[in-house]
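Each remark here refers to the structure printed beneath this line.
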Amino acid sequence: MRLPGRDSTELAIKVIHLLRKATKKMTQPAVSQIVAKYGRDFFLILISCLLSLRTKDTISLPISLILFQYARTPKELLKIPLKRLEKIIYSIGFYRKKARLLHSVSRDIITRFGGKVPNTLKELLSIRGVGQKTANVVLAEGFRIPAIAVDTHVHRIANRLGLVKTKTPEQTERELRKIIPKRYWIELNPLLVMWGQNICEPISPRCSQCVIAQFCPRIGVTRSR
Ligand code: SF4
Numbered sequence: 025m026r027l028p029g030r031d032s033t034e035l036a037i038k039v040i041h042l043l044r045k046a047t048k049k050m051t052q053p054a055v056s057q058i059v060a061k062y063g064r065d066f067f068l069i070l071i072s073c074l075l076s077l078r079t080k081d082t083i084s085l086p087i088s089l090i091l092f093q094y095a096r097t098p099k100e101l102l103k104i105p106l107k108r109l110e111k112i113i114y115s116i117g118f119y120r121k122k123a124r125l126l127h128s129v130s131r132d133i134i135t136r137f138g139g140k141v142p143n144t145l146k147e148l149l150s151i152r153g154v155g156q157k158t159a160n161v162v163l164a165e166g167f168r169i170p171a172i173a174v175d176t177h178v179h180r181i182a183n184r185l186g187l188v189k190t191k192t193p194e195q196t197e198r199e200l201r202k203i204i205p206k207r208y209w210i211e212l213n214p215l216l217v218m219w220g221q222n223i224c225e226p227i228s229p230r231c232s233q234c235v236i237a238q239f240c241p242r243i244g245v246t247r248s249r
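Residues in the sequence shown are numbered from 25 upward in steps of one, following this note's numbering.
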């Protein structure tokens, strides 16, 4: 559901243009940094995304970089024994679960997709442990296929701005797809992630420093700086 009385598409485009400029000097999200370092390697994007689930970029990025010193293909990752893999990613939350996940995803990619990460939402979602957000990040950041990856930052900021009025990231993705032209889909996630990490923070957003404040009704914000 969207809020009535405002042109959501126009607002979204204005926000995107302003955030392009305002985020230029900000630290890129972890996945973008992986792309900057290794290029569009679909497997590395997928693995770094899985490692970042429910974990801050500041923790998941260094662990991804360490892991990629040991393995950069599904085959190489499977060669690392589970216990050893757990040790490598130990400082990440849910490291045991994630180590098992990395193995099962690698196995799946080898047995079902000939060792190559698939490039459709349907196939990506058929890999156990790959959810909607991860699949969309792989499509957008890896294959450059228009997709809106909705994580906690995108969901929160879209609702605060009144672009959508939704309860879950899945609903947010559906609504954003209706109002945002396709040519903006890929960049939406990194822009809002950077804004969410630096300005529109979850508990007390920095509204006084926000370049999109003039367009923001700050829906649901009770405390701000
Ligand atoms: S004005 Fe405040 S609530 Fe709105 S986007 Fe900016 S930081 Fe977030």
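Just so it is clear, CB atoms sit at the ideal spot from N, CA and C, and this is done for glycine as well.
Counting Cβ pairs closer than 8 Å, one from the stretch 90-105 and one from the stretch 120-136, do we hit at least three? Using a Cβ-Cβ distance cut-off of 8 Å, the stretch 90-105 and the stretch 120-136 are in contact, since at least three pairs of beta carbons, one from each stretch, lie closer than that value.
Can you give the beta carbon distance from R198 to C240, rounded, assuming they're within the 8 Å contact cut? Taking a contact as a CB-CB distance under 8 Å, the pair R198 and C240 does not count as one, their CB atoms being some 22 Å apart.
Taking only three categories from DSSP, how would you classify R136? Correct three-state label for R136: helix.
Beta-carbon separation (whole angstroms), W209 vs I181, contact threshold 8 Å: About 15 Å separates the Cβ atoms of W209 and I181, ruling out a contact at the 8 Å cut-off.
Do N213 and A159 have their beta-carbon atoms positioned less than 8 Å apart in this structure? It is not a contact, given that the beta carbons lie outside the stated cut-off.
Would you give the residue range spanned by the alpha helix (DSSP H) that A60 belongs to? For A60, the enclosing alpha helix (DSSP H) stretches over residues A54 to Y62.
Should A46 be counted as a contact of the ligand SF4 given a C-beta to heavy atom distance under 7 Å? No, since every heavy atom of the ligand SF4 falls outside the 7 Å radius drawn around the Cβ of A46.
Quick check on the contact list: which residues have their beta carbon closer than 6 Å to a heavy atom of the ligand SF4? The chain-ordered list of residues whose CB is nearer than 6 Å to some heavy atom of the ligand SF4 reads I181, R184, L185, I223, C224, P229, R230, C231, C234, I236, A237, C240, R242, V245 and S248.
If you check the beta carbons only, do L106 and I87 fall under 8 Å apart? A distance of 8 Å or more separates the beta carbons of L106 and I87.
Collapsed DSSP secondary structure at F118 in the structure displayed: In the structure shown, F118 sits in coil (DSSP, three-state: anything other than H, G, I, E or B).
Inter-residue spacing [alpha-carbon to alpha-carbon] between P28 and N143: Only weak support exists for where P28 lies, its pLDDT of 46 falling under 50; the coordinates are left without a value.
What do you get for S115, buried or exposed, if any count of 16 or more other CB atoms within 10 angstroms of its CB means buried? Taking all protein chains in view, the Cβ of S115 is surrounded by fewer than 16 other Cβ atoms within 10 Å, so the residue is classified as exposed.
Cβ-based burial, I90 [other Cβ within 10 Å; buried from 16]: Of the residues assessed, I90 falls on the exposed side of the cut-off, its CB having fewer than 16 other CB atoms within 10 angstroms.
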